[in-house]
Amino acid sequence: MSLFNVFNISGSAMSAQSQRLNTVASNLANADSATSANGTPYKAKQVVFSAIPTKSPDASGVKVQKVIEDSAPPKVVYDPKHPLADEKGYVTMPNVNVTEEMVNMISASRSYQNNVETMNAAKTMLLKTLTIGQQ
Amino acid sequence: MLNKLDDALSFHQTALRVRGQRQELIAANIANADTPNYKARDIDFKSAMQAAAADISKETFNTAKTSARHLDGMPSKGMSNGASGEPLFRPVIQGSVDGNTVDMDVERNQFVDNGIRYEASLTMINAQLKKMLAAIQGQ
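Chain order of the listed sequences is L and P.
Counted the way the working numbering counts, the first sequence spans residues 1 to 135.
Counted the way the working numbering counts, the second sequence spans residues 136 to 274.
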């Protein structure tokens with residue numbers, strides 16, 4: 001029954017998009033974390049989506065293939081009073097681009113909503129199919 | 136007699152199956168709207184319907200026979216549940232840098248359109264069932 005597979009497909013996309021939203025939240029929260037557990041500034045993280053086969057060979061779902069660290073160079077700000085400033089007074093801050101992350105957040109949230117709509121439509125269609133032959 | 140009832144419903148049954156398959160493909164396109172290098176796919180409903188209609192007349196519902204005098208199974212319509220339409224790739228209108236060809240507007244439009252037509256087929260089946268009931272009851 002192919003309509004039931006819509007739940008698997010949309011569900012996989014919803015969990016992938018929420019993982020993307022999770023990394024956005026992490027990046028935004030750590031936009032000013034000048035140090036981390038290993039002593040270096042926080043590095044922005046990005047998810048990489050990939051299509052995965054489902055029960056039906058032609059319709060694919062989504063999964064997060066890997067989480068990569070953003071290769072953008074870190075921001076260097078001049079703040080001599082900062083405890084982590086070097087001898088010239090510069091502090092290395094995370095490479096998080098806040099504007100980019102906000103756009104990413106909106107995009108993830110819209111894609112999530114699209115998949116919720118898809119799932120709801122499939123549910124309505126299946127429920128209507130169940131009423132065949134009823135008066 | 137029962138075969139005739141079955142035949143009356145088989146067209147819309149096939150249509151529902153192809154519509155369901157198409158709905159699944161479009162849902163996959165919507166799900167992969169952000170996947171790099173994903174190519175949007177869809178089936179041509181007309182040729183899928185023709186393939187499904189040609190397919191169903193060949194298949195036979197086989198039953199185990201324990202005596203030579205048992206009858207063969209009748210060719211049964213709508214028994215096949217394999218994929219009937221060959222999915223094709225959607226033409227690219229505005230390609231994106233990451234190689235993804237999903238156009239959200241097209242997909243949403245087709246998703247709603249296909250859903251409405253699915254429900255239309257359901258309505259037709261219901262109407263046919265009512266018609267048959269009226270004929271059987273003879274009132």
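The C-beta atom is built at its ideal place from N, Cα and C for all residues, glycine as well.
Values in this document were obtained by computation on a predicted structure and should not be read as measured data.
Query                                                                                                                 : Result
Thr54/L - DSSP class collapsed to helix/strand/coil                                                                   : coil
3 or more residues per run - each beta strand (DSSP E) lying fully within the segment 6 to 90 of chain L              : 45 to 53, 60 to 69, 75 to 78
Sheet register partners of Phe224/P (DSSP bridge)                                                                     : Arg176/P
Interfacial residues, the segment 157 to 176 of chain P to chain L, with Cβ spacing under 9 angstroms                 : Arg157, Gln158, Glu159, Leu160, Ile161, Ala162, Ala163, Asn164, Ile165, Ala166, Asn167, Ala168, Asp169, Thr170, Pro171, Asn172, Tyr173, Arg176
Coil, strand or helix - Thr124/L by DSSP                                                                              : helix
Cα-Cα separation, Phe249/P to Arg157/P                                                                                : Note that residue 249/P is Asn in the sequence shown here, rather than Phe. Whole-angstrom Cα-Cα distance: 8 angstroms.
Selected residue, minimal CA-CA separation from Val232/P, among Tyr173/P, Asp179/P, Asn138/P, Phe146/P                : Tyr173/P
Gln245/P classed as buried or exposed, judged by whether at least 16 other C-beta atoms fall within 10 angstroms      : buried
Closer than 7 angstroms to chain L by CB, Leu264/P                                                                    : yes
Helix, strand or coil at Thr201/P according to DSSP, with G and I counted as helix                                    : coil
Which of helix, strand or coil DSSP assigns to Thr99/L                                                                : helix
Bridge-paired residues (DSSP) for Thr129/L                                                                            : BP columns for Thr129/L are empty, so no partner.
Proximal chain L residues relative to Leu257/P, where beta-carbon distance stays under 9 angstroms                    : Met125, Lys128, Thr129, Thr131, Ile132
Within-7 angstroms CB hit, Pro222/P to chain C                                                                        : The structure shown has no chain C; the protein chains it does contain are L and P.
Whole-angstrom distance between Leu28/L and Val64/L, CA atom to CA atom                                               : 20 angstroms
Candidates Leu3/L, Gln46/L, Pro53/L, Tyr78/L, of which the one nearest Ser71/L by Cα                                  : Gln46/L
Chain P contact for Ser15/L (CB, 7 angstroms cutoff)                                                                  : no
Residues of the segment 9 to 36 of chain L whose Cβ lies closer than 7 angstroms to any Cβ of chain P, in chain order : Ile9, Ser10, Ser12, Ala13
Any C-beta of chain L under 7 angstroms from that of Met214/P                                                         : Confidence at Met214/P is low in this model, with a pLDDT of 45, below 50, so its placement is unreliable and the value that follows should be read with caution. No, Met214/P does not count as interfacial toward chain L.
Beta carbon of Val24/L nearer than 7 angstroms to that of Met119/L                                                    : no
Buried or exposed (CB count within 10 angstroms, at least 16 for buried), Val149/P                                    : Inspection of the sequence shows that residue 149/P is occupied by Thr rather than by Val. Thr149/P is buried by the Cβ-count criterion.
Members of the segment 40 to 60 of chain L near chain P, C-beta cut-off 9 angstroms                                   : Val48, Phe49, Ser50, Ala51, Thr54, Ser56, Pro57, Asp58, Ala59, Ser60
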